[in-house]
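J.: There's a structure below that I have some questions on.
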Amino acid sequence: MQSQHSSIIERTGHLNEHLDIVFMMGEELKKPLTVIKALAESGQESQQSRMIILESKRALRSIDNIIFYKRIDADQMSLPLSPIHIGSTLTQVARDLQPLGYEYGCETEVFIQSGITTVSAHSQVLRSSIESLWQSVIAMTKKPSAMTWYVNRTKAGIKITIINNSIDLSKVGLRKTNNAVGLSSQPLKGVAGPATDLVVATKLLAILGGKLRKTKIRGIEGFTVTLPISEQLALV
Amino acid sequence: MTIIILEPDRIIARLLKQKIVDKNVVCNIASTPDEAMLLIDKQIPDAIITELSLSNHSALEFLYEMRTYVDVQYTPVYIYSSVLLDSSVLESSDWGLLKIAEYFYKPHTDIDTVVECVASLVEA
Numbered sequence: 054m055q056s057q058h059s060s061i062i063e064r065t066g067h068l069n070e071h072l073d074i075v076f077m078m079g080e081e082l083k084k085p086l087t088v089i090k091a092l093a094e095s096g097q098e099s100q101q102s103r104m105i106i107l108e109s110k111r112a113l114r115s116i117d118n119i120i121f122y123k124r125i126d127a128d129q130m131s132l133p134l135s136p137i138h139i140g141s142t143l144t145q146v147a148r149d150l151q152p153l154g155y156e157y158g159c160e161t162e163v164f165i166q167s168g169i170t171t172v173s174a175h176s177q178v179l180r181s182s183i184e185s186l187w188q189s190v191i192a193m194t195k196k197p198s199a200m201t202w203y204v205n206r207t208k209a210g211i212k213i214t215i216i217n218n219s220i221d222l223s224k225v226g227l228r229k230t231n232n233a234v235g236l237s238s239q240p241l242k243g244v245a246g247p248a249t250d251l252v253v254a255t256k257l258l259a260i261l262g263g264k265l266r267k268t269k270i271r272g273i274e275g276f277t278v279t280l281p282i283s284e285q286l287a288l289v
Numbered sequence: 518m519t520i521i522i523l524e525p526d527r528i529i530a531r532l533l534k535q536k537i538v539d540k541n542v543v544c545n546i547a548s549t550p551d552e553a554m555l556l557i558d559k560q561i562p563d564a565i566i567t568e569l570s571l572s573n574h575s576a577l578e579f580l581y582e583m584r585t586y587v588d589v590q591y592t593p594v595y596i597y598s599s600v601l602l603d604s605s606v607l608e609s610s611d612w613g614l615l616k617i618a619e620y621f622y623k624p625h626t627d628i629d630t631v632v633e634c635v636a637s638l639v640e641a
């Protein structure tokens, strides 16, 4: 009994230490990235400086979203719900992310069904999940490409779909993301690198009660998720 | 007119100072709250720009202490920080007590935006 108790304390200690390291590493990395961004913004404008600014912002957004997800996962923050129109969140994210898309040769269109119902959600969870999903798709694109977002009302809830005509998801497996992701430099089958944006998007959408899946519309591949119109958040 | 920048990062402090000096405003840099207090003792600033993540003690302690001094009780304070604050903090009564003129999150805000905002208030 005593050894079991010690083992639990030891495991909890390791978990806290792991979380602390994630937070510390995130905050530590934000400092040089902010400086790099500030230097590029203060210098002469060029294609190179624009890319430095956009890529720094992309990394900073990824770090914030990872920290944000980790804080929720560690029960370190409450998630007050409010009625949110997904279309307005998507439009706000589009304003921030379209410049990055342009640099990647990615033209984006957003179609939001008129009169869609608001969902009961936490605004930052929704925003961070859309940002992460958008960034993960941009990273998979090949130049030039067309990206389309659709937001529709279905019987099951509000369906969000993102497709891009240059991505190939045939070898991508999301099963691990929807379950547990172990320590690996390439945790997702078919996605190069750590794919943190895609992992975080999947986890945050799960908090909102949605399951990210692959989809195909007229042969164009992408991802889709349906968020329930619910008063309760399905917490991880 | 004088602005104090309380910023531990030398590069960010230098970039801010350059832009503020271009507006013909005198600018002094402090890297710790103690240095900032010494600068305040020498000359009452028209505004203060501070990071929240500081060495020695936190910027919040510094701001609470600063607000107890009559001379800088109402001096506009601008937060330019890499610490992300959510709306529950920004809308709290404790935050209200600090009378923060504006909070800027570094990853989302360029230096020009901060300087324009500070300069417009100081000029007014």
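The listed protein sequences correspond, in order, to chains A and B.
Numbering of the first sequence is given in the numbering used here, commencing with residue 54 and proceeding in unit increments.
Numbering of the second sequence is given in the numbering used here, commencing with residue 518 and proceeding in unit increments.
Note that beta-carbon positions come from the ideal geometry of N, C-alpha and C, so glycine has one too.
Pro624(B) and Thr142(A) look like a contact to me (Cβ under 8 angstroms); what is the Cβ gap, rounded to whole Å?
T.: That pair is no contact at about 19 angstroms.
J.: If we ignore side chains and look at the alpha-carbon of each, how far apart do Asp221(A) and Ser198(A) end up?
T.: In a straight line, the C-alpha of Asp221(A) is about 12 angstroms away from that of Ser198(A).
J.: Helix or strand or just coil, what does DSSP make of Asn118(A)?
T.: Here Asn118(A) sits in helix by DSSP.
J.: Does the region 143 to 159 of chain A come into contact with the region 189 to 208 of chain A, if we say contact requires no fewer than three beta-carbon pairs (one atom in each stretch) closer than 8 angstroms?
T.: Because the criterion of three Cβ pairs below 8 angstroms is met, the region 143 to 159 of chain A and the region 189 to 208 of chain A touch.
J.: Of all the CB atoms in chain B, is at least one closer than 9 angstroms to the CB of Ile120(A)?
T.: With 9 angstroms as the cut-off, Ile120(A) counts as an interface residue toward chain B.
J.: Just list the residues that DSSP pairs Met200(A) with in beta bridges.
T.: Answer by DSSP bridge pairing, in chain order: Thr161(A), Asn217(A).
J.: Is Thr201(A) closer than 9 angstroms to Glu162(A) when the C-beta atoms are compared?
T.: Yes; because the gap between Cβ atoms is below 9 angstroms, this pair is in contact.
J.: Residues of chain B with CB closer than 7 angstroms to the CB of Ala192(A), please, in chain order.
T.: Chain B residues near Ala192(A): none, gap ~18 angstroms exceeds 7 angstroms.
J.: Just to confirm the assignment, what range does the alpha helix (DSSP H) spanning Ser605(B) have?
T.: First-last of the alpha helix (DSSP H) with Ser605(B): 604 to 607.
J.: Which whole-angstrom value is the C-beta distance of Ile116(A) and Leu82(A), which I expect to be below 8 angstroms?
T.: With 8 angstroms as the limit, Ile116(A) and Leu82(A) qualify as a contact, their Cβ atoms being about 6 angstroms apart.
J.: With which residues is Tyr620(B) paired in a DSSP beta bridge?
T.: Ile596(B).
J.: With a threshold of 8 angstroms on Cβ separation, who are the neighbours of Met130(A) within its own chain once the five nearest residues in sequence on each side are excluded?
T.: Here the set comprises Arg124.
J.: Are Tyr122(A) and Phe164(A) closer than 9 angstroms when you measure CB to CB?
T.: It is not a contact, given that the beta carbons lie outside the stated cut-off.
J.: Tell me, to the nearest whole angstrom, how far the beta carbon of Leu607(B) is from that of Tyr620(B); I am working on the premise that it is less than 8 angstroms.
T.: Between Tyr620(B) and Leu607(B) the Cβ distance is about 6 angstroms, and since that is below 8 angstroms, they are a contact.
J.: Could you tell me whether the Cβ of Lys540(B) comes closer than 9 angstroms to any Cβ of chain A?
T.: Chain A, which has no Cβ nearer than 9 angstroms to the Cβ of Lys540(B), makes this no.
J.: So with CB distances below 7 angstroms, who are the chain A contacts of Ser599(B)?
T.: The contacting residues are Lys83, Lys84, Thr87.
J.: Where does the unbroken alpha helix (DSSP H) through Gly613(B) begin, and where does it stop?
T.: Per DSSP, Gly613(B) belongs to the alpha helix (DSSP H) from 610 to 614.
J.: Kindly identify the DSSP beta-bridge partner or partners of Cys544(B).
T.: DSSP output for Cys544(B) lists Ile520(B) as bridge partner(s).
J.: Determine which residues of the region 588 to 616 of chain B have a Cβ less than 9 angstroms from any Cβ of chain A, and write them out in chain order.
T.: The residues in question are Ser599, Val600, Leu601, Asp603, Ser604, Ser605.
J.: For Gly275(A), which of helix, strand or coil comes out of DSSP?
T.: In this structure, Gly275(A) counts as strand in the three-state DSSP scheme.
J.: Pull out every residue of the region 157 to 177 of chain A whose Cβ sits closer than 8 angstroms to any Cβ of chain B, in chain order.
T.: Per Cβ criterion, the list reads Gln177.
J.: Please report the Cβ distance between Ile570(B) and Ser599(B), rounded to the nearest whole angstrom; I am assuming they are in contact, meaning their Cβ atoms lie under 8 angstroms.
T.: Here residue 570(B) turns out to be Ser, not Ile, going by the sequence shown. Correct: roughly 6 angstroms between the Cβ atoms.
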